[in-house]
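Written out below as structure tokens is the structure these notes cover.
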Amino acid sequence: MQTAPALDLSAIPAAQRAAVLALMEKVAALTEITQRQEHLIAELNHALHGKRSEKLTEDDRQLAFEDLSIALAEVEVRKEHLAAKTGDKTATRPAPKRTIGNLPAALPRIEEVIEPDSLICPCGCGVMHKIGEDRSERLDIVPAQLRVIITVRPKYACRTCTDGVTQAPAPPHLIMGGLPTEASIAHVLVSKYADHLPLYRQSQILARAGLDLHRAVLADWVGKAAFHLKPVVDRLAEHMKRSGKLFMDETTAPVLDPGRGKTKTGYLWALARDDRPWGGEDPPGVVYFYAPGRAGENAEAFLMGFDGILQIDGYQGYNRLTKPARKGGDPIRVAHCWAHARRKLKEVFDRDGSEIAAEGLRRIAQIYAVEADIRGVSHGQRLSARQARSAPLVAAFGDWLQAQRRKISAKSRLGEKLTYIHNHWDGLQTFLTDGRVEIDNNRVENLIRPIALNRKNALFAGHDEGGIAWGRIASLIETCKINGVEPFAYLKAALTAIGNGHPQSRLDDLLPWNFAPSS
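Under my numbering, the first residue of the sequence shown is numbered 5, with each subsequent residue one higher.
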């Protein structure tokens, strides 16, 4: 195959050069999306028709299918939006994935009639007369209730003249020409990512209600929603990375490797903010980033632009964040977790009944007792109390720690735990110098638990792209929860606003903590 000759831009008149460059960028972007689309289709075909591993159950294969379908749906809508943004009228738009005729007649129908703004004929001869109407049906899901929303748009024309027909325009929707209302999409998202119900099980539940919706249709809805919600999640991450202090933790997210017919280990990294213990003004939030591995450069990439204090566990991958060569900002100051230090000693005590471990636990309990006394006061008051009361306790613990390490073999079980605490000693003292810092990482660990629960119920994400969608939607759902916002109501409102063309300049309005339920 011959390679096309390189384009000499200098030979193109300056007036046309910008248009040519824009066209080249568009072609490159469309080529990349098309290649991604072809790759996903190939993996989907392999999951459906390829050799099946004995290690994978039918549930496993169902999950692989739905997450690959979600990924493919997001790629398709990305391609459509790129074509629309560049004004490409020749770009073919795929037919809406809908199951015509599958809305049972027994479902209640609610008609919404949309009349034109005016029925007065432009010719001035009077009021127009109704000559017909267009009707469309979309599935609307209300928790524990299925119904069909019928949109009626009457057509009007003048009996005297032939100046045309007047009809109200079709209302905008997130999935134009599609079957679901925004409430239906929100219900599927909450069921999958908050209630940990895989799509094929949701399909089975709907079938019991007399509605035949294949999991592939539900996957298409989720993929499109994940695409449209991306700017909101990106804005959420930007807002949080302006904070002076954040938590971070990671957990495994097993992902199917279609080429091998088994799972590989991906990771979801939680970046969280919760300043409520000291009365901070910023609302709490969490963003989950998916990465195919646990390497420290993933955390480095997620934290681009953040220069505050990071509360973490003892994982060594975070060490690169403290180096002068750190990408994306100045070296980060870390605060390590006293709960992890306590856990190390508790493991030894529970197994061996070690008196030394018991003494260490007693000393740590004294430090935690101070934290209990100052819970809820301002960060300035916390800092003063810690310097007066906690600092002497921590210093005494440090002296005791070094004394024990001199007596105990570093290769013993207890010696290894003491070495762990010693290696993180600087970070364990950070809370003494800043009242905003917590004594441990328990808050972000609590935010990882819903991911672990979803992993337990869903087994794994069916694809890397499914892991990305998982993290994106879970970010909004869990941020809703910690702000006391009902996830279904929020997602329904956010998806409706996006479908109505909510401006990018006002993305802050769509952040969970700014959601105000309508009366």
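C-beta: ideal position from N, C-alpha, C; glycine also.
Starting from the Cα of residue i, find the closest Cα among the options and give me that residue.
i	options	result
M132	P158, I371 and R355	P158
A473	W225, P120, E137 and G488	W225
Q408	L240, L107, N518 and L349	L349
R347	K421, G402 and L397	K421
K327	E47, P335 and G321	P335
L240	A198, F306 and P296	F306
E29	K228, V156 and L86	L86
T383	I452, E442 and A75	Reading the sequence as shown, one finds His at residue 383 and not Thr. Residue E442 is the option with its Cα nearest to H383.
L193	S522, L499 and H506	L499
R510	A220, E47 and P235	P235
A369	V398, D356 and L387	V398
I150	A172, A77 and A211	The sequence given here places Leu at residue 150; Ile does not occur at that position. The option with the nearest alpha carbon to L150 is A211.
N323	G227, G431 and A230	G431
K228	I179, I502, W273 and A274	I179
R280	N487, R40 and A497	N487
A497	P147, A520 and R476	A520
I481	L107, I452, P507 and A23	I452
G402	R447, W342 and L387	W342
P454	Y292, R21, I371 and A174	Y292
Q320	R330, D354 and G300	G300
A220	V489, G505, R298 and A77	A77
R40	S73, S14 and F492	S73
E141	R393, V152 and I135	V152
A274	T255, Q208 and K268	T255
What are the boundary residues of the alpha helix (DSSP H) that includes residue i?
i	result
A400	A395 to K411
G289	Element bounds for G289: not the alpha helix (DSSP H) but the beta strand (DSSP E), G289 to A295.
K228	R219 to K245
Q208	L203 to R212
H191	E186 to Y197
Q524	Look at the range of the chain in this structure, 5 to 523, and you will see that residue 524 is not part of it.
G428	In the sequence under discussion, the amino acid at residue 428 is His, which differs from the Gly named in the question. Neither: H428 is in no alpha helix (DSSP H) and is coded neither H nor E.
T500	P491 to G503
L480	D468 to I486
E4	Because the chain in this structure spans residues 5 to 523, residue 4 falls outside the shown range and cannot be described.
L143	Not the alpha helix (DSSP H): L143 falls in the beta strand (DSSP E), residues H133 to V146.
A389	H383 to A389
A339	Not the alpha helix (DSSP H): A339 falls in the beta strand (DSSP E), residues R337 to A339.
E301	G300 to F306
Between the alpha carbons of residue i and residue j, how many angstroms are there, rounded?
i	j	result
V338	L183	49 Å
Y494	E137	33 Å
R56	Y160	Only weak support exists for where R56 lies, its pLDDT of 49 falling under 50; the value from the coordinates is given anyway. Answer to the nearest angstrom: the Cα atoms are 58 Å apart.
Q385	I378	8 Å
R440	W282	7 Å
E42	D253	34 Å
T434	K411	27 Å
F464	A257	The pLDDT assigned to F464 is 47, lower than 50, so where the model puts this residue is not dependable; a value taken from the coordinates is nonetheless given after this. Roughly 6 Å separates the two Cα atoms.
E285	R390	22 Å
I104	L222	With a pLDDT of 45 at I104, under the threshold of 50, the modelled position of that residue is not reliable, and the figure given next carries that caveat. C-alpha separation (whole angstroms): 15 Å.
K59	R205	Unreliable placement is indicated for K59, whose pLDDT of 48 sits below 50; the coordinate value is still reported in the next sentence. Roughly 21 Å between the two C-alpha positions.
E186	E304	36 Å
W517	I189	21 Å
L514	L250	22 Å
P112	L203	24 Å
P120	H177	19 Å
T423	L325	22 Å
L25	A18	11 Å
V79	A230	11 Å
M5	A276	The pLDDT assigned to M5 is 44, lower than 50, so where the model puts this residue is not dependable, and the model offers no usable value.
N302	A329	15 Å
S523	D167	Because S523 carries a pLDDT of 45, less than 50, the predicted location of this residue cannot be relied on, and the following value inherits that uncertainty. Going by the C-alpha atoms only, they are around 43 Å apart.
A148	K196	16 Å
C129	T170	15 Å
K245	E47	35 Å
E449	V237	20 Å
S122	L143	29 Å
Just checking my contact of residue i with residue j at CB under 8 Å: how many whole Å lie between their CB atoms?
i	j	result
Q315	N427	Wrong, their Cβ atoms sit about 17 Å apart, outside the cutoff.
P287	G270	About 29 Å separates the two Cβ atoms, so there is no contact after all.
I313	G248	7 Å
E116	I154	7 Å
G470	A33	About 23 Å separates the two Cβ atoms, so there is no contact after all.
I45	R82	Contact doesn't hold; Cβ gap of about 15 Å is too wide.
Determine the extent of the beta strand (DSSP E) in which residue i is found, giving its start and end residues.
i	result
L349	Taken as a continuous stretch (DSSP letters only), L349 belongs to no beta strand (DSSP E), being part of the alpha helix (DSSP H) at W342 to D356.
E442	Counting along the chain, E442 falls outside any beta strand (DSSP E), and DSSP gives it neither H nor E.
A161	Q149 to A161
V374	No beta strand (DSSP E) holds V374; the alpha helix (DSSP H) holding it covers E359 to D377.
E116	R113 to V117
T170	V169 to Q171
Establish whether the CB of residue i and some CB of chain B are separated by less than 8 Å.
i	result
W225	As a matter of chain content, chain B is missing from the structure shown, which is built from one protein chain.
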